[in-house]
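Residue numbers (this note's numbering): 1307 to 1415.
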């Protein structure tokens, strides 16, 4: 059994600047999930908290056999402006290789 609880509906999750809806609209999870970056006032500029929210959501989707398709989109007029440079990087030094394997689901069987 999974240590990650799978919700009946993803719409009730409280994720930082991420909204999740089901398609077609339903009170429970459907095979299609729409994951929306939700910072339209900042052109959906990406933050570390958004990254954590996405990792949390994708970990649940991976375990939930009801979910077959994930559509990633952005609220407002733009998908994503890139990293939010107003927030900065907290003096971190990061390399692309630090994130390459952040989430690697197994190949479909």
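Heads up, the beta-carbon is just placed ideally off N, CA and C, and yes, glycines get one too. Since this is a predicted model, take the numbers as computed values, not measurements.
Per the Cβ contact rule, the stretch 1342-1356 is not in contact with the stretch 1366-1376 (fewer than 3 Cβ pairs under 8 Å). Classified as buried, residue 1360 has 16 or more neighbouring CB atoms from the shown chains inside 10 Å of its CB. For residue 1388, the secondary structure class from DSSP, reduced to helix, strand or coil, is coil. Residue pairing by DSSP leaves residue 1336 without any beta bridge partner. In this structure, residue 1356 and residue 1322 form a Cβ contact; the two beta carbons are roughly 6 Å apart against a cut-off of 8 Å. Counting along the chain, the unbroken alpha helix (DSSP H) around residue 1368 starts and ends at 1354-1369. Rounded to the nearest angstrom, the Cβ distance from residue 1335 to residue 1364 is 14 Å, too far for a contact under 8 Å. Going by beta carbons, residue 1338 and residue 1328 fall inside the 9 Å limit. Taking C-alpha positions only, residue 1381 is separated from residue 1309 by approximately 31 Å.
Residue state for residue 1327 is assigned as strand, using DSSP reduced to three classes. If you ignore the 5 residues before and after residue 1376, its C-beta comes within less than 7 Å of the C-beta of 1339, 1341 and 1367, all in its own chain and listed in chain order.
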